[in-house]
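J.: Numbering follows our numbering, in which position 145 of the sequence shown is assigned residue number 355; successive positions increment by one, without gaps. Every residue, glycine too, gets a C-beta built ideally from N, C-alpha and C. Input: one structure, supplied below.
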Amino acid sequence: MTDLPHPARSPLRSLAHHIWTQERVWLVCIAVLAAVAALDAPLAVTSAQFTATNLLVAAYAGATGADGLIARAFTGSPAVMIAIAALAGGVSPFCSCGVIPLIAALLAMGVPLSAVMAFWLASPLMDPAMFVVTSGALGLPFALGKTLAAVWSLVKPRVFAAYVGLAMIGALLAGLAWSLAALLIA
211 MTDLPHPARS PLRSLAHHIW TQERVWLVCI AVLAAVAALD APLAVTSAQF TATNLLVAAY
271 AGATGADGLI ARAFTGSPAV MIAIAALAGG VSPFCSCGVI PLIAALLAMG VPLSAVMAFW
331 LASPLMDPAM FVVTSGALGL PFALGKTLAA VWSLVKPRVF AAYVGLAMIG ALLAGLAWSL
391 AALLIA
């Protein structure tokens, strides 16, 4: 062993080393956004806007102490936590991609995974925009029924399995009908 000191790193090299070893998630996010930009620039701009908005909301919650209030809302009985999270997700205006930074913030706040998953699944299932579109296309009773089914399915595992199963069957039938219509037209 020698007592020679390690050579000093340049600030740029030190920053690069820190980013590579400590911030790999950000590197992956930037790489994915760059790949999307290479394939579809307008989509990349929209994705960056959604991500930035959600990061700002999460940062605001952390800076103002609202994260503690949010975390306290998710205490008590697991069934109550899941129901609150499903209801909150159902009225949140986040899509399935835009909700991810908020989910990371909820997990960092110590919110139980079961409640976070309920929020995550309910948010794109029935957000306010989806409610308006569904009620306009299929009527208010259907939109209300879908909202109640989405929330209830996240509280009861069997109902959730039925909801997902019926959604998959519906998607399969819609895809088959669309393919058949395309064959008949062509």
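With a Cβ-Cβ cutoff of 8 Å, do A332 and G299 count as a contact?
T.: Yes; because the gap between Cβ atoms is below 8 Å, this pair is in contact.
J.: Is DSSP giving R368 helix, strand or coil here?
T.: In the structure shown, R368 sits in a helix (DSSP, three-state: H, G or I).
J.: Check whether the Cβ atoms of P311 and M291 sit closer than 8 Å, and answer yes or no.
T.: Their beta carbons are not under 8 Å apart, which means P311 does not touch M291 by this criterion.
J.: Extract the residue ranges of the alpha helix (DSSP H) inside the segment 243–319, only unbroken runs of 4 or more that lie entirely within it.
T.: The qualifying runs are 251–274, 276–283, 288–301 and 310–319.
J.: Kindly indicate the opening and closing residues of the alpha helix (DSSP H) around S224.
T.: Start and end: P221 to Q232.
J.: Measuring CA to CA, which of L393, A325, A254 and F341 is closest to K356?
T.: Ranking the options by Cα distance to K356, first place goes to F341.
J.: Among M319, A325, V326 and A371, which one has its Cα closest to the Cα of A397?
T.: It is not possible to answer for residue 397, since the shown part of the chain is limited to 211 through 396.
J.: Closer than 7 Å by C-beta to S345: which residues in its own chain qualify, once you throw out the five before and the five after it? Chain order, please.
T.: The answer, listed in chain order, is A353.
J.: Return the Cβ separation of L243 and A254 in integer angstroms, given the expectation that the two are a contact with Cβ distance under 8 Å.
T.: About 6 Å separates the two Cβ atoms, so the contact holds.
J.: Counting C-beta neighbours from all protein chains within 10 Å, is the total for W236 16 or more, i.e. buried, or is it exposed?
T.: It is exposed - the Cβ of W236 has fewer than 16 other Cβ atoms within 10 Å.
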